[in-house]
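Numbered according to the working numbering, the sequence shown spans residues 15 to 138. So the structure is just underneath, and the comments pick up after that.
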Amino acid sequence: MYNFQGDFSQEEKSLFQKIQLENLDKICHYLQVNLNNSPQIKYYVFNTRQGKIDADPNHSVSKAVARYNENAIYRFWDKIEDPSFPHELTHLIAHHFSTPYRLHTEVDQANGEKLIIDIDMVST
């Protein structure tokens, strides 16, 4: 599932989707994972970093994050950049090899403040 927020053309959306599927295929092949029985990965793609920060459940300032409990990737994509960004996708695929746990941590926010939260995690 792809959810684009911003002024992405149909051509740009198609390019992004094509690259994600290619990355997924390569990662699954490399890790020898069959995802046919796994939930569909959700992509939330934003044309502004602030849009991504606001939508991300933990409001991470990172350009992209994987949220394994949602099986989702939140991604700021500046259309002049290559849409290939397999790092977060690899986390979602590799979490099948790990045991989930709760992490009590501080998270940097865009406004410079720290948020102390518990995050569902997997070590991938």
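Yeah, the Cβ is synthetic: ideal placement off N, Cα and C, and Gly gets one too.
The ligand GTP heavy atom lying under 6 Å from the CB of residue i
{"i": "residue 34", "result": "You won't find the ligand GTP in this model; it holds no ligand whatsoever."}
Residue i and residue j closer than 7 Å at C-beta
{"i": "residue 132", "j": "residue 118", "result": "yes"}
{"i": "residue 88", "j": "residue 56", "result": "no"}
{"i": "residue 108", "j": "residue 75", "result": "no"}
{"i": "residue 31", "j": "residue 44", "result": "no"}
{"i": "residue 100", "j": "residue 37", "result": "yes"}
{"i": "residue 18", "j": "residue 47", "result": "no"}
Residue i, buried or exposed, once every other Cβ within 10 Å from all chains shown has been counted against 16
{"i": "residue 103", "result": "buried"}
{"i": "residue 78", "result": "buried"}
{"i": "residue 34", "result": "buried"}
{"i": "residue 90", "result": "buried"}
{"i": "residue 115", "result": "exposed"}
{"i": "residue 111", "result": "exposed"}
From the options, residue whose alpha carbon lies closest to that of residue i
{"i": "residue 82", "options": "128, 28, 18, 52", "result": "52"}
{"i": "residue 27", "options": "73, 49, 92", "result": "92"}
{"i": "residue 130", "options": "59, 73, 41", "result": "73"}
{"i": "residue 62", "options": "127, 111, 20", "result": "20"}
{"i": "residue 50", "options": "39, 122, 115, 64", "result": "39"}
{"i": "residue 54", "options": "86, 68, 94, 64", "result": "86"}
Cβ shell of residue i (< 8 Å), same chain only, five flanking positions each side left out
{"i": "residue 71", "result": "81, 84"}
is_contact[residue i, chain C] using C-beta, thresh 7 Å
{"i": "residue 15", "result": "Chain labels in this structure do not include chain C; a single protein chain is all it has."}
Same chain, Cβ closer than 6 Å to residue i, neighbours up to 5 away in sequence not counted
{"i": "residue 127", "result": "none"}
Own chain residues within Cβ distance below 7 Å of residue i, not counting five before or after
{"i": "residue 29", "result": "97"}
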